[in-house]
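Visitor: With the first letter of the sequence shown counted as 1, position 4 gets the number 7 in the numbering used here; the numbers rise by one all the way through. All residues carry an ideal CB built from backbone N, CA and C; glycine is no exception. Before I ask anything, let me first share the structure, which is written out below as structure tokens.
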Amino acid sequence: MKIKSLAIVVGLLMFLAGCIAPVQDHITPLNFTYQTKNQQGPKSDKVILLLDPSINFNSEVKETYGDQFKQNLKQDIEKMFIGQGYKVISIDGFEGDDIPFGNRKDGYLVVRVVGNVNIEKKITKARQKTQSNIFADNSSIEGTLYALGKIKISFLEPLSSETIDTVNVDIAQMKLQEPFKVEAKSSAGILGDLMGGVETSIEGNYDNNIRIMLNTIFRKTMDKLDNKIVYQSINQYQKDIQDIKTRKRF
């Protein structure tokens with residue numbers, strides 16, 4: 004019985020340390036796609052230089068989730084600019100120095116995305132059920148997931164990297180919270196003790212609710228950008244860009 008109880012505790016500790024993810028009792032797919040609400044903009048010969056997003060995710064978020072978030076964010080930002088009539092050059096890199104000089108010289112704006120997304124957990128209840136079943140025994144953890152972090156989208160003059168405008172997303176202000184429950188189950192129970200076999204599984208809605216929160220963060224970030232990336236607004240930067248070039252004598 005001690006071996007089985009230890010296996011359950013170890014399973015929960017590994018979950019808390021982020022070493023394993025629970026099997027899901029239901030699945031919410033990642034939905035990192037966005038449909039703009041804006042109408043098509045007029046054709047323009049201005050070129051937007053779009054850098055790779057530099058967004059850090061904490062250990063609660065699977066690396067594959069973070070990678071897909073950044074990849075789709077860049078793709079949807081590109082679609083927004085194209086939809087407003089601008090040409091877009093996708094840059095492999097995070098900083099202005101990663102942009103070839105020829106592109107910086109001919110480009111209208113550089114778009115840079117930086118930030119951090121943290122999903123944190125607060126444990127509110129932990130319990131270990133007494134062995135009352137000859138087939139199974141389990142312990143559980145309950146709590147709340149909440150989201151913190153900031154994402155900053157900057158529009159820069161290409162040659163000087165001076166900021167023309169920014170869009171700031173404060174994830175804490177979204178007030179995202181999701182309850183979770185995770186159970187570590189031994190499928191052995193008393194029979195397992197007698198036969199010497201212990202199998203422990205982790206089940207719950209933890210990872211599923213992280214996906215729900217990431218979907219919301221993505222959508223709300225794109226909502227803010229959709230209000231900004233409109234032809235009339237982006238075209239108004241032309242005077243500020245020209246002032247910088249005149250002042251810097253590019």
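Report the three-state DSSP secondary structure of TYR234 (helix, strand or coil).
Guide: Counted from its first residue, the sequence shown places residue 234 at position 231. In this structure, TYR234 counts as helix in the three-state DSSP scheme.
Visitor: Which whole-angstrom value is the C-beta distance of ILE122 and VAL64, which I expect to be below 8 angstroms?
Guide: Your numbering for residue 122 matches position 119 in the sequence shown. Your numbering for residue 64 matches position 61 in the sequence shown. Right, their Cβ atoms sit about 6 angstroms apart.
Visitor: Using alpha carbons as the reference points, say which of THR249, ASN34, VAL185 and PHE72 lies closest to SER142.
Guide: Mapped onto the sequence shown, residue 142 falls at position 139. For SER142, the nearest C-alpha among the options comes from VAL185.
Visitor: Three-state secondary structure (DSSP) at ASN211?
Guide: Within the sequence shown, numbered from 1, the residue matching residue 211 stands at position 208. Residue state, collapsed to three classes: helix.
Visitor: Quick one: what does DSSP say ILE174 is sitting in, helix, strand or coil?
Guide: Locating residue 174 in the sequence shown gives position 171, where the first residue counts as 1. Correct three-state label for ILE174: helix.
Visitor: Between the segment 99-107 and the segment 147-158, are three or more C-beta pairs nearer than 8 angstroms?
Guide: No, the segment 99-107 does not touch the segment 147-158.
Visitor: Can we say the segment 214-222 touches the segment 241-250, given the rule of at least three CB pairs closer than 8 angstroms?
Guide: Segments in contact, no.
Visitor: If you count every other CB in all the chains shown that lies within 10 Å of the CB of ASP127, and 16 or more means buried, which is it?
Guide: Start at 1 with the first residue of the sequence shown, and residue 127 comes out as number 124. Sequence check: residue 127 is Thr here, not Asp. Counting Cβ neighbours within 10 Å, THR127 comes out exposed, since fewer than 16 surround it.
Visitor: What do you get for ASN208, buried or exposed, if any count of 16 or more other CB atoms within 10 angstroms of its CB means buried?
Guide: As a working mapping, residue 208 is identified with position 205 in the sequence shown. The residue in question, ASN208, is buried, as its Cβ has 16 or more Cβ neighbours within 10 Å.
Visitor: Tell me, please, whether the CB atom of THR224 is closer than 8 angstroms to any CB atom in chain C?
Guide: Absent from the structure: chain C. Only one protein chain is present.
Visitor: Look at the Cβ atom of ILE80, then the Cβ atom of LEU54, and state whether they are nearer than 8 angstroms.
Guide: The residue labelled residue 80 in the question sits at position 77 within the sequence shown. The residue labelled residue 54 in the question sits at position 51 within the sequence shown. It is not a contact, given that the beta carbons lie outside the stated cut-off.
Visitor: Between PHE221 and PHE35, which are expected to be in contact by the criterion C-beta below 8 angstroms, what is the C-beta distance as a whole number of angstroms?
Guide: Translated into the one-based positions of the sequence shown, residue 221 becomes position 218. Translated into the one-based positions of the sequence shown, residue 35 becomes position 32. That pair is a contact at about 5 angstroms.
Visitor: So, at 6 angstroms on beta carbons, what are the nonlocal neighbours of ARG252 in its own chain, with the 5 sequence-adjacent residues on each side left out?
Guide: Residue numbering aside, residue 252 sits at position 249 when the sequence shown is read from its first letter. Hits under 6 angstroms: none found.
Visitor: Spatial neighbours of TYR111 within its chain, please: C-beta separation below 6 angstroms, excluding the five flanking residues on both sides.
Guide: Residue numbering aside, residue 111 sits at position 108 when the sequence shown is read from its first letter. Contacts found: LYS49 and VAL50.
Visitor: When you compare each of SER47, THR31, TYR89 and GLN38 to MET225 by their alpha carbons, which one comes out closest?
Guide: The residue given as residue 225 occupies position 222 in the sequence shown. Of SER47, THR31, TYR89 and GLN38, the residue nearest in Cα terms is GLN38.
Visitor: Quick check on ASN136: does DSSP put it in helix, strand or coil?
Guide: Walking along the sequence shown from the start, residue 136 turns up at place 133. With a pLDDT of 49 at ASN136, under the threshold of 50, the predicted position of this residue should be treated as unreliable, though the coordinate-derived value follows. ASN136 falls in the coil class under three-state DSSP.
Visitor: In the DSSP output, what is SER57 paired with across the bridge?
Guide: Here residue 57 corresponds to residue number 54 of the sequence shown, with the count starting at 1. Answer by DSSP bridge pairing, in chain order: VAL117.
Visitor: With DSSP collapsed to three states, give me the class of LYS184.
Guide: Position 181 of the sequence shown holds residue 184. Strand at LYS184.
Visitor: With a threshold of 7 angstroms on Cβ separation, who are the neighbours of LYS231 within its own chain once the five nearest residues in sequence on each side are excluded?
Guide: Locating residue 231 in the sequence shown gives position 228, where the first residue counts as 1. For LYS231, where only same-chain residues beyond five positions count, the Cβ hits under 7 angstroms are VAL170.
Visitor: I need the DSSP call for MET198, collapsed to helix, strand or coil.
Guide: Residue mapping note: residue 198 aligns to position 195 of the sequence shown, counting from 1. For MET198, the predicted structure reports a pLDDT of 42, less than 50, and the residue's modelled location is therefore unreliable. The matter cannot be settled from this model.
Visitor: Whole angstroms is fine: what's the gap from LYS254's alpha carbon to LYS108's?
Guide: Not covered by the structure: residue 254. The range shown for the chain is 4 to 253.
Visitor: Leaving out the 5 sequence neighbours to the left and right, which residues in its chain are closer than 8 angstroms to TYR68 when beta-carbon positions are compared?
Guide: Sequence index remark: in the sequence shown, residue 68 carries index 65 (1-based). LEU33, PHE60, ILE213, ARG214 and LEU217.
Visitor: For ASP168, which three-state DSSP category applies?
Guide: Sequence index remark: in the sequence shown, residue 168 carries index 165 (1-based). Strand at ASP168.
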